[in-house]
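In our numbering, the protein residues as written are 38 to 378.
A virtual CB, placed ideally from N, CA and C, is assigned to each residue, including glycine.
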Ligand code: PHE
């Protein structure tokens with residue numbers, strides 16, 4: 038029977054596994070199109086006697102439905118297969134080793150400076166900067182060290198000319214800030230920066246180093262606050278159970294002046310190589326701002342007082358991280374840097 042044969046052919050053709058969207062739509066045109074065999078049969082029906090029309094009509098329509106369903110099913114199948122193929126191509130193998138991204142790290146000196154800055158900013162200090170090629174005036178004279186003063190010998194200085202030098206201490210920023218503030222404004226600053234001295238470089242000396250200076254000037258600051266401040270700094274840098282010890286000392290710009298030791302964090306005070314058997318490690322110099330300095334920088338010493346301290350960032354870094362040679366801090370050796378990621 039012609040209709041049955043067509044049915045078999047349609048089934049066979051639409052189930053062909055090699056079909057793609059293109060050939061499938063050609064197949065649809067071939068069987069279901071206006072000139073296709075199904076349409077032809079429907080048209081031919083008008084020549085049939087009336088009583089045969091419903092019977093055949095039903096069969097042809099069923100065939101049309103079947104062809105349409107087969108087409109839709111195949112189309113869906115092809116589209117799904119395409120998506121699956123696409124997905125399997127794009128699959129990520131999460132077990133493959135990743136590409137190493139080279140990550141930079143902060144230099145240990147920068148790390149120490151930032152740590153100290155953070156601490157003092159938290160206590161209301163402002164960070165101040167100053168020039169490295171400084172005038173003799175700010176580096177020495179305003180700090181109570183006039184030309185020819187023997188205290189200049191404490192700091193062997195690189196001079197650029199008679200009036201200019203590479204600053205030998207960040208204390209120069211002390212003078213600059215007090216003068217800038219004009220003698221009636223409270224000062225609470227921290228100034229980290231490079232300083233230079235004509236030292237012969239060895240494991241513990243460098244002609245170029247990093248100082249962090251602190252200065253507080255107001256009407257009621259006392260040495261007790263200086264001690265408290267330095268205790269907080271020592272604990273933050275070297276551990277909560279650290280203590281500090283003050284020893285009398287001399288700096289031209291402070292009176293009284295002190296040298297500050299921190300209890301040894303290696304032997305906890307028993308005495309070891311690091312603290313040279315004393316249980317204490319010297320970390321900084323400090324004192325109450327000398328009246329002459331206050332006066333020269335515009336502050337009335339009868340009304341204002343202040344404290345200052347200066348600490349070497351290299352010394353802190355070396356103590357804290359067990360670095361034995363100061364020169365390694367300037368060697369630009371990435372192996373050292375990478376340890377401080
Ligand atoms: N500027 C001093 C130095 O370099 C350190 C210091 C700063 C001491 C502030 C007292 C007060 O030795």
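request  = Pick helix, strand or coil for residue 341, following the three-state DSSP scheme.
outcome  = coil
key: Selection from 61, 104 and 255 that minimises the alpha carbon distance to residue 41   = 104
task = Reducing DSSP to helix, strand and coil, say where residue 248 ends up.
result = strand
ask   = Helix, strand or coil: how does DSSP classify residue 361 here?
value = coil
Minimum C-alpha distance to residue 31 - residue among 170, 189 and 306 = No statement about residue 31 is possible, as the shown extent of the chain runs from 38 to 378 and does not include it.
key: Boundaries (first-last residue) of the beta strand (DSSP E) holding residue 320   = 317-326
Straight-line Cα distance separating residue 128 from residue 354 = 48 Å
key: Given residue 240 as reference, the closest of 352, 57 and 224 once Cα atoms are compared   = 352
ask   = Do residue 167 and the ligand PHE come close, with the Cβ less than 7 Å from some heavy atom?
value = no
request  = Can you give me the start and stop residues for the beta strand (DSSP E) that residue 268 sits inside?
outcome  = Premise fails: residue 268 lies in the alpha helix (DSSP H), 260-275, not in any beta strand (DSSP E).
request  = Say yes only if the C-beta of residue 350 is nearer than 7 Å to one or more non-hydrogen atoms of the ligand PHE, and no if none qualify.
outcome  = no
query = Nearest-angstrom Cα distance between residue 247 and residue 134?
reply = 42 Å
query = So, do the region 360-375 and the region 209-226 have three or more beta carbon pairs nearer to each other than 8 Å?
reply = no
Complete runs of the beta strand (DSSP E) confined to the region 153-209 [at least 3 residues] = 170-172 and 201-203
inquiry  = Given the structure, does residue 246 come close to the ligand PHE, in the sense that its CB is under 7 Å from one of the ligand's heavy atoms?
reply    = no
query = Given that a residue counts as buried once 16 or more other Cβ atoms are within 10 Å of its Cβ, and exposed if not, what is residue 87?
reply = exposed
task = Compute the distance between the beta-carbons of residue 322 and residue 296, then report whether it is under 8 Å.
result = yes
task = Report yes or no: do three or more beta-carbon pairs, one from the region 158-165 and one from the region 225-238, lie closer than 8 Å?
result = yes
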